[in-house]
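First to last, the sequence lines map onto chains S and U.
This note's numbering puts the first sequence at residues 1 to 117.
This note's numbering puts the second sequence at residues 1001 to 1109.
Beta carbons: idealized from backbone N, C-alpha and C, even for Gly.
Just so we're clear, the structure is a prediction, and the values are computed from it rather than from any experiment.
For reference, the structure discussed in these notes is given below.
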Amino acid sequence: GAGVSQSPSNKVTEKGKDVELRCDPISGHTALYWYRQSLGQGLEFLIYFQGNSAPDKSGLPSDRFSAERTGGSVSTLTIQRTQQEDSAVYLCASSLTPAYPRGSPLHFGNGTRLTVT
Amino acid sequence: TQLLEQSPQFLSIQEGENLTVYCNSSSVFSSLQWYRQEPGEGPVLLVTVVTGGEVKKLKRLTFQFGDARKDSSLHITAAQPGDTGLYLCAGGGADGLTFGKGTHLIIQP
Chain S
1 GAGVSQSPSN KVTEKGKDVE LRCDPISGHT ALYWYRQSLG QGLEFLIYFQ
51 GNSAPDKSGL PSDRFSAERT GGSVSTLTIQ RTQQEDSAVY LCASSLTPAY
101 PRGSPLHFGN GTRLTVT
Chain U
1001 TQLLEQSPQF LSIQEGENLT VYCNSSSVFS SLQWYRQEPG EGPVLLVTVV
1051 TGGEVKKLKR LTFQFGDARK DSSLHITAAQ PGDTGLYLCA GGGADGLTFG
1101 KGTHLIIQP
């Protein structure tokens, strides 16, 4: 079956512009996660959705970042007024049940590489 | 905040050698996962361990969860160029899933 799909795969934008990143999770997966991966920094948690609600949005770095999920499926991560420090790979993952505390496997997409110039 | 320290950060060895990478924390985790990530792709789950002292084997890879569930190790026997990648550990607890920064492994033919 299809895995997690993210689009676009690459995005170059000018500082100050808004960007939208899209994630299509595996069908039937109720949990969806957004992570940010910068060079040498590992995976930084951004937000977790269970269904359409976000019980944990503690990782969003500022109010310029927001995310939504509709129909228990597609999710969009929006970054407003992008800054150069927002440049990173944004990874989306889904799981059949919540990944913690008991370790339900995360299935990752290939990410969106965002470059802010 | 739960932190996971992975070591070494970088490792380059010759094909056929054995290696061990480590994942350590001062926190107790309910579960621990290991992922491998190749360039341009997302991480792929290798294994999940949930019981202190648990050992799991995946072909030439052996994973161990520490007795106190604070640390884990990954041992690779007779490394192959196909083992090259970024190895990430992730600890699961009530507060969420915490990733380490990873070990960049290069196996030279």
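Around the CB of phenylalanine 1063 of chain U, 16 or more other CB atoms lie within 10 Å, so the residue is classed as buried.
Apart from the 5 residues on each side of it in sequence, arginine 81 of chain S sits with its Cβ closer than 6 Å to the Cβ of Gly16 and Arg64 in its chain, given in chain order. Chain U places no beta carbon closer than 8 Å to that of leucine 60 of chain S, leaving this residue out of the contacts. The shortest C-alpha to C-alpha distance from alanine 31 of chain S to any of S/Arg22, S/Leu114 and S/Cys92 is the one to S/Cys92.
According to the DSSP assignment, phenylalanine 1065 of chain U belongs to the beta strand (DSSP E) that extends over 1061–1065. Non-local C-beta neighbours of valine 1050 of chain U in its own chain, meaning closer than 6 Å and more than five positions away in sequence, comprise Ser1031, ordered along the chain. If you draw a straight line from the Cα of valine 116 of chain S to the Cα of glycine 40 of chain S, it is about 18 Å long.
Listed along chain S, the residues sitting closer than 7 Å to phenylalanine 1099 of chain U by beta-carbon distance are Gly42 and Leu43.
In terms of beta-carbon proximity, leucine 114 of chain S stays away from the interface with chain U, with every pair separated by 8 Å or more. If you look at aspartate 1071 of chain U, you'll find it in the beta strand (DSSP E) that goes 1071–1076. Against chain S, a Cβ distance below 7 Å from glutamine 1033 of chain U picks out Gly103. Contact between valine 12 of chain S and isoleucine 26 of chain S is absent: CB atoms are separated by about 28 Å, not below the 8 Å threshold.
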